[in-house]
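Residue numbers (this note's numbering): 284 to 730.
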Ligand SMILES: Cc1ncc(COP(=O)(O)O)c(C=O)c1O
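Below, the structure is given as structure tokens:
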């Protein structure tokens, strides 16, 4: 079928090997999305659903934003591509300046990547390059955390802490990576916001530093709030303590804000929300409202200076041998700039902050449902954990299907439903999400 007369339903589902998907089951009973507008999605059966996870945390500004699509289309007409190595175009510099205005002070050098995984991979390389630039090339170790998710390249997979993502690939993972324990304790089950207990989990970093030599550790990477494992909110004081231990040993701290960045917590970045400043911040997803892939690493100015100052390369050769063909391409940048305009014009982060208590109250109102064993959340993100049945992940997926039938769409991760509404949601949309979750979860319980 030619692309000009393509229908909503393809002739064959066989050829596309879908990512992170149970391909066998999906292809027997596909769920295809055909249209998206505002907070709603429509599937190939014509059913309208509310999008309760902003895609994959990608579209906080809602679907089908004209300002973004028009900016991209205009850019494509004018300049569709230019190579990003030793050449450039004005937009990428403008976007870097706009991003740097919103990142914490001093974290103002912007490296573009293609997605969250490549942002994390890049941050890992920049950490090594920085230490080498400072004459500290013995630092090769990295510290991640259990139940962390940082993407699927080799480095990002290694520092991540989700067992299914690593066990098949153990033979090719990066050496020298240790993991702290995750911060989710049994008493955090129905805690709204930051738990009071668990700050001592940060001492795992101290312990790893003692065991392996803090002077050998290049960086520690954490999501300020673990998103992909269902919103694990850091205990009060935890991130601050991690920062202190990093400072004690000269370890760089990377906040992976691919999910928490751009307003999800109610501040531009979780770093500002929790008052802890890392050395690098990775971001992606909402940077372009999800419409064109783009990742970003925001780096401390002094790190950028150190890498550039130490370079003895002849003129025309890079200081950092790293980059991507699609680093900061014009279409992605155009989307990014349009997104920045909307952030400012619609005071989006404050809007998210104002809606957060209403959303969190709604989410926690599901506590009475008998199959729900835990609810946690912060800002405009939350996790609803279902009682495990037979095998991990089964009840989460069954609940997802019942909710989909009830008209609310999101992603489940294992047995946890990931709920992350769009920031343009009004109270009536939050009510609709909660009501449909209640219906879907109740129908699952009866099934
Ligand atoms: C915190 C975090 N880091 C990295 C990634 C990887 O991003 P991508 O899928 O764009 O490569 C994700 C994806 O969900 C993420 O949540």
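For each residue, glycine too, the CB sits at the ideal point set by N, CA and C.
Values in this document were obtained by computation on a predicted structure and should not be read as measured data.
{"Asked": "Exposed unless 16 or more other CB atoms sit within 10 angstroms - verdict on residue 545", "Found": "buried"}
{"Asked": "Distance CB(residue 581)-CB(residue 393) smaller than 8 Å", "Found": "yes"}
{"Asked": "Closest residue to residue 524 among 383, 486 and 511 (Cα-Cα distance)", "Found": "486"}
{"Asked": "Cβ pair residue 661, residue 508 closer than 8 Å", "Found": "yes"}
{"Asked": "Under the three-state DSSP convention, the category residue 722 falls into", "Found": "helix"}
{"Asked": "Reduced DSSP category for residue 508 - H, G, I as helix; E, B as strand; rest coil", "Found": "coil"}
{"Asked": "Segment contact flag, the region 679-697 with the region 330-344, C-beta cutoff 8 Å, min 3 pairs", "Found": "yes"}
{"Asked": "Segments assigned beta strand (DSSP E), at least 3 residues, entirely inside the region 346-423", "Found": "390-396"}
{"Asked": "Beta-carbon gap between residue 492 and residue 504 smaller than 8 Å", "Found": "no"}
{"Asked": "Residue 364 to residue 375 span [Cα, whole Å]", "Found": "12 Å"}
{"Asked": "Where residue 542 sits in the DSSP three-state scheme", "Found": "coil"}
{"Asked": "Contact belief for residue 434 with residue 460 at Cβ below 8 Å, rounded distance in angstroms", "Found": "Not quite, the Cβ-Cβ distance comes to about 14 Å (not below 8 Å), so this is no contact."}
{"Asked": "Simplified DSSP state of residue 694, which is helix, strand or coil", "Found": "strand"}
{"Asked": "Closer than 7 Å: residue 506 CB and nearest ligand 1 heavy atom", "Found": "yes"}
{"Asked": "Selection from 297, 321, 318 and 323 that minimises the alpha carbon distance to residue 312", "Found": "297"}
{"Asked": "Pair within 8 Å by beta-carbon distance, residue 565 and residue 406", "Found": "yes"}
{"Asked": "Residue from 473, 533, 632 and 538 with nearest C-alpha to residue 419", "Found": "533"}
{"Asked": "Pairwise C-alpha distance: residue 541 and residue 293", "Found": "32 Å"}
{"Asked": "Residue 671 to residue 513 span [Cα, whole Å]", "Found": "14 Å"}
{"Asked": "Euclidean distance between Cα positions of residue 455 and residue 360", "Found": "42 Å"}
{"Asked": "N- and C-terminal bounds of the alpha helix (DSSP H) containing residue 488", "Found": "486-495"}
{"Asked": "Residue 657: CB within 7 Å of a non-hydrogen atom of ligand 1", "Found": "no"}
{"Asked": "Straight-line Cα distance separating residue 600 from residue 339", "Found": "38 Å"}
{"Asked": "Cβ neighbour criterion (16 or more within 10 Å) applied to residue 632", "Found": "buried"}
{"Asked": "Three or more C-beta pairs below 8 Å linking the region 571-588 and the region 347-355", "Found": "yes"}
{"Asked": "Counterpart residues of residue 502 in DSSP-defined beta bridges", "Found": "425 and 535"}
{"Asked": "Residue environment, residue 705, which counts as buried when at least 16 other CB atoms sit within 10 Å", "Found": "buried"}
{"Asked": "Which listed residue (428, 372, 495 and 388) has its alpha carbon closest to that of residue 522", "Found": "428"}
{"Asked": "Closer than 7 Å: residue 567 CB and nearest ligand 1 heavy atom", "Found": "yes"}
{"Asked": "Proximity below 8 Å, CB of residue 699 to CB of residue 723", "Found": "no"}
{"Asked": "Assigned exposure category for residue 517 - 16 Cβ within 10 Å defines buried", "Found": "buried"}
{"Asked": "Pairwise C-alpha distance: residue 440 and residue 450", "Found": "10 Å"}
{"Asked": "Cβ separation of residue 649 and residue 655, assumed to be a contact under 8 Å, to the nearest whole Å", "Found": "6 Å"}
{"Asked": "Residue 811, buried or exposed, once every other Cβ within 10 Å from all chains shown has been counted against 16", "Found": "The question about residue 811 has no answer, for the chain in this structure spans 284 to 730."}
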